[in-house]
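Notes for the one structure printed next.
Protein chains in written order, with my numbering: chain R, 688 to 1318; chain Z, 103 to 563.
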């Protein structure tokens, strides 16, 4: 893509905002060969984590794995900068094993910014973009606060919580972005002019405390796992010193302070109009809504290695400063706490994701994509996942190729985007494993199997990594075959082994494969009776073990997926006129006309569209296909 | 209408063999023009007001033959069952006349309706919802008052309510499992295995009740199947004639394959009963009879109740002993009857009573004991204590199928928990159970579901 590059103001793709969505979008676009620019109001805030200093967790860890499997950056950057790592849910099954890491916030930023700086075809520019320029409903450029016009074919909006942001602490309300940064107050107007329906969402973050004032002896210690399991499939091991996190609890006194000061909370006083998330309530919310609960957990987490700031997870609030300090000091270990940053709530503009296609392109303007919190999601990982997809699809768009759309059976990313676009959201959307219908298939261990071939196809996975991936799959299936064919005798040795693991004795020979199916026998343990078990890397062994142990359940899910795909593959023509379909109820007509789903499957998930409507649609389409066939 | 429901369908909408009058229904845009073509009555068919009935003749316009005298009703869209232009032709007699008229219609551009297609159109045109559509079929199929009550309550959504409640229970349980999977770092109360087993069992048992009700529901809808067995000449046929002679409803002699089995519908104390007269059960070398005997065994297996007829005239013979051996495993569903007690041969009767103490004495000839037998049959049906006025019954085979799948899912979930499987996979089965319940009330969509339901529907409404 040759460009007139003399003036540094003509690009293929422009990304607005350099948070987690923006960074992935820009890197993906540039790596796919597009001349790309990424803008940030302040370059020192690239890839900032204005809230919790961690990456991953349930479902979010899955997203990071998927981003990595497709060729994104978040997992690699997290691996380089994590200071504690844990695999959550290890007792609850392979579908919900979830990686979660504490991140050195500053290192992460530095690392990501440097990656952007080193990337070919990518310019990182400090400027506030205040206007999106279009012609005939197509993107032609953007304008900065200095008046400069940058020409482009595609724009990706990744504005996070910056649009018309307001900070609320008690009765003090001021215009301001997260972490004391400047808000973006002028772009919203431009979005409205482009036809976007803007919504007002709210989120918040707890206080940061200086370590010197914390008495950790009164708290529970939470250590990281050893060995560390990396996020990225490119890393097999991470050898690093880890730091602990701590856990304390709210007390009766905390609850009393909150109750007595409820009238001073803007949430209850009515100063906040934005819609907050049910799953991420402020501490005052928790106290009011779960009045029976005697205590709530508060996690005390380090913000990094070269800082003394600690983050109070579970204690977000928008109480005034004086109440906050009183509340904090009622927590065991924090009696003498010195607050460095007070908790605040933040309100911001976001768009209604209903207005997007599954490719994350805005339905009304060709070449305009949005990703991250502007789409009504919450979380760094959710943002990054959308950013990656938007970046990929912006490039595919200008290359005139079909967009990359992951469906609900292929990835959490697919579930995330389909949920947002098809169902919309009335609160900041957080990914959860229970949102995924095919959870046992969408595991974190097999994200590479699901997505790396796709990443390779679009050019984000390089040849050597793809080769390695193929080798890995080969040795995994080889080992599964070996376990299927090898029988162990009912010898004393084998039966002693079984006794040791409280597993029932055998009287005749048994396949290793069948032994491994027993819940109490691990793949690791089989080494005691089988000297031929190859020395596979951990991630290989995990896939061998999970695919055998859960074979029946996995097969069932795959069957469900086949069924699901049938409806997903029934495409609805873009020019369909729902008003011309007899038999559709009026509500369904309106919803379908507004939403314009791309497949019958997607249509069936729109609220207000009934099974009867879907069968009408199916009959209409099949009649149309039949007629088409005759022509 | 543009291409979607653009053709006109027709079918006989009364059950085959049901009555002296058959109704043929047409639905679709061509219903009026085709009717006008073959109907000759007073005035012009096109000018008849909607929702009126007219007397006239059906004529084959090609041959100018009169096929039948009929009453024809004209109903214009949208106030019809299918929301389309509809014509109903009430013709005489049974199947033969109706088929001739139907033939004529088909030759004039009417397409034969697929099973359940009228209701499918009603459903697609937004007239009825899914459970209602199914209940309509049961209503049409129901043969007595009691079964229509069940069908009506289903129409009103009682089944949906019940199923939804159970579904909700499962969804609630899932939520408490899921919260622990999605928020492991928080100290929510863990759903213990015991707790889970307990909750699943509750739902499981209720579903089991519903399924058991299906058998009863099926009896109400299709009639209880009662097999009459016994050695030749024990009086099986005369008993059948006696029961049906008094209460005769429908006679269907099923030809061909079941030449040795005669079925008759009778109405016993308001209960529809399908009486099946089997071939005499005895060891035989005769090939034809052999088939009859193996059929009889099949019938015993599938019937809801067996009447074993003995003969007070001949006493307890080897043949009776053979039958007794064969039906031993069906003891629970057998009523033992001794016929011909009018012969007053006490020795022979005692011979039988010795072998079978609880035998019901009747005489078809003298008409004695028949009322008691009828009561016994009735009570057998009711012994499961089903109160049809309050108990909700599953009468639809598709519902039953999904209920059974739900049960299987719940069983798998229980097995999984007991085998120490992790909650992430156990929840797959619970979720699948909830989905299966959702299929009943139409809470989920799959392409097959709609097709399946309507295929299952018998022709007509």
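Glycine is no exception: its CB is placed at the ideal position from the N, C-alpha and C atoms.
Cutoff 9 Å: residue 1002 of chain R Cβ touching any chain Z Cβ: no
Counting Cβ pairs closer than 8 Å, one from the region 1016-1025 of chain R and one from the region 818-833 of chain R, do we hit at least three? no
I'd like to know whether the C-beta of residue 164 of chain Z is nearer than 9 Å to at least one C-beta of chain R. no
Nearest to residue 1214 of chain R (by Cα), restricted to the options R:1072, R:851, R:1170 and R:1089: R:1170
Counted within 10 angstroms of its Cβ, other Cβ atoms place residue 1188 of chain R as buried (16 or more) or exposed: exposed
Our contact map puts residue 892 of chain R next to residue 740 of chain R with C-beta atoms below 8 Å; I'd like the distance itself, whole angstroms only. In fact, because the Cβ distance is near 11 Å, the residues do not count as touching under 8 Å.
Can you tell me the Cα-Cα spacing of residue 1098 of chain R and residue 376 of chain Z, whole angstroms? 55 Å
Chain-order list of residues whose beta-carbon lies under 6 Å from that of residue 844 of chain R (same chain, five-residue window excluded): 703, 1057 and 1061
Ends of the beta strand (DSSP E) at residue 737 of chain R? Where residue 737 of chain R is concerned, there is no enclosing beta strand (DSSP E), given that its DSSP letter is neither H nor E.
Chain Z within 9 Å of residue 1011 of chain R, Cβ atoms only: no
Determine, using beta carbons only, whether residue 786 of chain R and residue 927 of chain R come nearer to each other than 9 Å. no
Look up residue 834 of chain R in the DSSP assignment and say whether it is helix, strand or coil. coil
By the DSSP assignment, the beta strand (DSSP E) with residue 161 of chain Z in it spans what residues? 154-162
Using CA coordinates, which residue listed in R:1272, R:1144, R:1085 and R:1173 is at the minimum distance from residue 825 of chain R? R:1085
Extent of the continuous alpha helix (DSSP H) to which residue 1185 of chain R belongs: 1179-1187
Run through the DSSP bridge pairs and tell me what residue 1056 of chain R is partnered with. R:843 and R:1048
What are the boundary residues of the alpha helix (DSSP H) that includes residue 1162 of chain R? 1150-1172
Using the Cβ count rule (16 or more neighbours within 10 Å means buried), how would you classify residue 1227 of chain R? buried
What's the C-alpha gap between residue 1047 of chain R and residue 948 of chain R? 43 Å
Can you find a CB in chain R that lies within less than 9 Å of the CB of residue 135 of chain Z? no
Do residue 850 of chain R and residue 1037 of chain R have their C-beta atoms closer together than 9 Å? yes
Runs of 4 residues minimum, wholly inside the region 1174-1247 of chain R: which ones carry the alpha helix (DSSP H) assignment? 1179-1187, 1199-1204, 1210-1213 and 1225-1236
Please identify the residue among R:697, R:707 and R:699 whose C-alpha is closest to the C-alpha of residue 686 of chain R. For residue 686 of chain R there is no data in the structure shown, the boundaries of chain R being 688 and 1318.
Is residue 285 of chain Z close to chain R, meaning its C-beta is less than 9 Å from at least one C-beta of that chain? yes
Would you identify the three-state DSSP class for residue 698 of chain R, choosing helix, strand or coil? coil
Residue 143 of chain Z, enclosing beta strand (DSSP E) - first and last residue: 141-143
Using a 10 Å radius around the Cβ and a threshold of 16 neighbouring Cβ atoms, would you call residue 491 of chain Z buried or exposed? At residue 491 of chain Z, the pLDDT of 40 sits below 50, so the modelled position is not reliable; the number obtained from the coordinates is stated separately. By the 10 Å Cβ count, residue 491 of chain Z comes out exposed.
At which residues does the alpha helix (DSSP H) containing residue 1020 of chain R begin and terminate? Where residue 1020 of chain R is concerned, there is no enclosing alpha helix (DSSP H), given that its DSSP letter is neither H nor E.
According to the Cβ coordinates, are residue 345 of chain Z and residue 370 of chain Z closer than 9 Å? yes
Let me make sure I understand the geometry here. Which of R:1081, R:848, R:1219 and R:983 has the alpha-carbon closest to that of residue 1115 of chain R? R:848
Out of Z:269, Z:172 and Z:457, which one is the CA nearest neighbour of residue 140 of chain Z? Z:172
Counting only C-beta atoms, is residue 1317 of chain R closer than 9 Å to chain Z at any point? Summary for residue 1317 of chain R: the model assigns pLDDT 37, below 50, so the residue's position carries little reliability; its value from the coordinates is reported in the next sentence. Chain Z, which has no Cβ nearer than 9 Å to the Cβ of residue 1317 of chain R, makes this no.
Output, in chain order, the set of chain Z residues within a Cβ distance shorter than 7 Å of residue 1126 of chain R. 526
Please compile the residues from chain Z whose C-beta is within a distance smaller than 7 Å of the C-beta of residue 820 of chain R. Result: empty, since nearest Cβ-Cβ is about 42 Å, beyond 7 Å.
Alpha-carbon to alpha-carbon, residue 211 of chain Z and residue 201 of chain Z: 16 Å
Pull up the CB-CB distance for residue 877 of chain R and residue 817 of chain R, whole angstroms please, since I reckon it's below 8 Å. 7 Å
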